[in-house]
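This report refers to the structure that appears directly beneath it.
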RNA sequence: GGGCGAAUAGCUCAGCUGGUCCAGAGCGCCUGCCUUACACGCAGGAUGUCGGGGGUUCGAAUCCCUCUUCGCCCACCA
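Residue numbers (this note's numbering): 253 to 1142.
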């Protein structure tokens, strides 16, 4: 890596080699010694996933923090992994089968699973490989997979433990059923979405013909499974009817009218049809009144044999139409209203879920939730941004039992065996071949576990749990979890519960929830919307560093990342341009560092004697130190955009725009002190590369290794993060160099305004300069003359007839003789306008200072500052008037 | 229905504890430059009722109230 930097920066040829270097040096594995390990668990992408911007964002943020921690010398472990992703993966393979005209049932369970495994073996490594291309410094040797053999042991262990503690139970309850995936879902997996729908008001006649009742429903087809109508016990309107029977229309069944407090008398007619097999509330009412539970649908959501023959086999929506039509024909359809309500959708396929009575396995969550709440309340876990803590709390407080069984094949099979001989069931860590009770034959439960039932163990299982491994002892609990808020309930909260339950300790101290990648219309990027950006395209065109820079700088805490999929240039060019700037600054510097005789090692500012430093040197050292402070501070607060900004601003605006320009004469030998300039430039550039490395690791590594004095094999990835240095705080230099910048800027403005020809020098005189400015100009005269293209610079009295001037912040006037190049009329107008503007400010300021409330209540320093402002302005007005006179303005 | 977030330049967004980074950055736009590190660049420039209204305060983009508009999360009123 010692060949010179190529004249043009091309990330494509550079990144792979750098990444290989890191891997070969083993920098991604945590160092064995050292305290305060920094541990991050990667949210596992699905095994079949292809890299998208969400991964790009999430992994960049993790990598920035991991690299930062590593540079701070902390043993740093970022554990990567993949998720077998039950439904999602099974759906992918089932779609492939469908193209061949087959279903999983045609193949049978084992052959299907073989097919799944073959598919996953092929695609499983893709996503992890792609994550490497963005620079992820995860410890690949520790990659976990939520469906490997070891992980299965962890899952079984957890299941059995919970079972033995009575926290897992099996029973018939209303669950969310996806008629397309043909499985039960948890509450979280049924995404509620508000939709415009309708509500039908149906009339049910009394069995004795003495009258009727009206009920309202959004799902008329379920009336075929009604087993009662409920009214509130205190509802006067219906009191007399309670206990009577209704003739359920379209059927030959009679159903009772019951009184139940769950009914809201104010809603609709105050009478509710009760369908215990298809609605959670109705299920409860049904239990209280011993009502029949009539499941009217097949798993595919077609009408089952439990309904009259003419409805059987109809899709639920066809059945709905048919039911409504028949009610209308019978004159029992009272009215239809528009009704907006929330409907659950399968989070994997979008199908409307059917609440349905079903025999499933559940985890009792209340006992798990209590310690998880406590952990947050006592500060054992914190959220960034904090507001997520409240959302976490609300969810846990209202938590319901977790349906964990899935009627899928791709997943951890439920470790329960049934013995038909003696009617017992047994949860077991190992496969059972015979009933432990009667030695009779056993059969294993057909269902598999919710994929999140394995994901929630990531922090433990990825470190070896249930075995008490050295990794587990050393790296649990982790430091920070970085993920998207979408999976706060699915994953984050459950990991906290699992960690507390099985390990007695939270799995991580901090949860950093970052935003979502969206397009310019604020829509989530997704394959189906076609508004995605392929990170690999971006990396190919702009480089991984540019991708990372854009993602980090565009992502402030608590906000979303907006990118325009139709205009990659706008989003990613700034990152590439910055990399290019850095590359060229490095090229310039390296070509001028050659043969630097002064020792470049050691801690600056010891490298050179303090008295050798020029104003510009001291300024850039102080600016660099400020950047170190800013970047470090920002990192600790997860304000990664600010950290990137600090490095960006320092490198570009301070170092490249000013310092490099200021020292060119010294570097070229046109001014003394070249060695000092080289030493300082080297130190601050080195520091800046370190600051930027977590964000743009490839280019900084490539450049850094070429700096002189590097030992073979020395890597920036493991170099030390810079520390602030009290000796680098040159406040006076900050102030004085700012004046130099101001002079240069003023002269440039004058030059532009008066059309001084480029390349033609002008003479400038500064009058009334403060001691600081005089000192600054004395030291940096060369810089000012060069950057402002002056032919001469003097400090002293203004010559008569000066043609242009600028007032500097220290009160001095910059007077620029421009000879015949100045348009007198224009100058008079300009001075007049400026005088009027300042006069306005003076008037306001006088009013402000006359306000006693202000002068007495504002801090003295503020009042003093305001007084000074007034004086300055008054003086400037006077000076402007003088100038106008001198020029003969009227 | 409940809760949360957002609204600042043409666009995407910073602006942390009310004052001394207070009106900023990047992109875009305009002007002038191929100044031997960089045209993926350099030097200038224009553009803002800080969503509307009210309040607190000596002082508000910043705190409070309210309205409007977007977005997100939660919710068993059928």
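The beta-carbon is built from N, C-alpha and C at its ideal position, and this holds for glycine as well.
Taken in chain order, the complete alpha helix (DSSP H) segments of 4 or more residues contained in the segment 401-442 are 401-416. Three or more Cβ pairs closer than 8 Å define a contact, and the segment 599-612 meets that threshold against the segment 434-452. Per DSSP, residue 730 lies in no alpha helix (DSSP H) segment; the continuous beta strand (DSSP E) that holds it begins and ends at 730-735.
Here residue 773 carries a coil assignment [DSSP, helix/strand/coil].
Collapsing the DSSP output to three states places residue 464 in a strand.
Of 483, 274 and 598, the smallest CA-CA separation from residue 432 is found for 598. Here residue 444 is bridged, per DSSP, to 596. For residue 669, there is no enclosing alpha helix (DSSP H); the residue is part of the beta strand (DSSP E) that begins and ends at 668-671. C-alpha of residue 576 to C-alpha of residue 585: approximately 7 Å in a straight line. The residues 308, 312, 386, 787, 790, 791, 824 and 827, in chain order, have a CB closer than 8 Å to that of residue 799 in the same chain once the five nearest residues on each side in sequence are set aside. Counting along the chain, the unbroken beta strand (DSSP E) around residue 677 starts and ends at 676-679.
The continuous beta strand (DSSP E) containing residue 612 extends over residues 606-615. Within a 10 Å sphere around the beta-carbon of residue 525 sit 16 or more other beta-carbons, which makes this residue buried. Note on residue 263: 16 or more other CB atoms within 10 angstroms of its CB, so buried under the neighbour-count rule.
Where residue 558 is concerned, there is no enclosing alpha helix (DSSP H), because DSSP gives it neither an H nor an E. Residue environment for residue 862: exposed (fewer than 16 other C-beta atoms within 10 angstroms of its C-beta).
Partner residues in the beta bridge of residue 452, as assigned by DSSP, are 469 and 588. Judged by DSSP secondary structure, residue 1057 falls within the beta strand (DSSP E) whose first and last residues are 1056-1059.
In this structure, the straight-line span from the alpha carbon of residue 772 to that of residue 491 is close to 58 Å. The three-state secondary structure of residue 509, taken from DSSP, is strand. For residue 323, the enclosing alpha helix (DSSP H) begins and ends at 305-323. By the neighbour-count criterion, in which a residue is buried when 16 or more other Cβ atoms sit within 10 angstroms of its Cβ, residue 702 is buried. Across the set 295, 630, 958 and 942, the C-alpha of 295 shows the shortest separation from the C-alpha of residue 737.
The three-state reading of DSSP puts residue 1064 in coil, since its state is none of H, G, I, E or B.
Put simply, of 899, 336, 401 and 864 the residue whose alpha carbon is nearest the alpha carbon of residue 881 is 899. Under the DSSP assignment, residue 696 falls in the beta strand (DSSP E) whose first and last residues are 694-696. Contact check between the segment 538-547 and the segment 470-484: three or more CB pairs, one atom from each, fall below 8 Å, which counts as touching.
When C-alpha distances from residue 821 are compared across 809, 842, 841 and 794, the shortest belongs to 794. The residue from 886, 1015, 803 and 633 with its alpha-carbon nearest to that of residue 1041 is 1015.
Its Cα nearest to that of residue 968, the residue 325 stands out among 408, 370 and 325. Here the C-alpha atom of residue 332 lies approximately 12 Å from the C-alpha atom of residue 310. In the DSSP secondary-structure assignment, residue 457 is bridged to 464. The C-alpha of residue 712 is placed about 22 Å away from the C-alpha of residue 388. Judged by pairs of C-beta atoms under 8 Å, the segment 1021-1038 touches the segment 974-990, as three or more such pairs exist. A direct Cα-Cα distance of roughly 23 Å separates residue 754 from residue 338.
Residue state for residue 343 is assigned as helix, using DSSP reduced to three classes.
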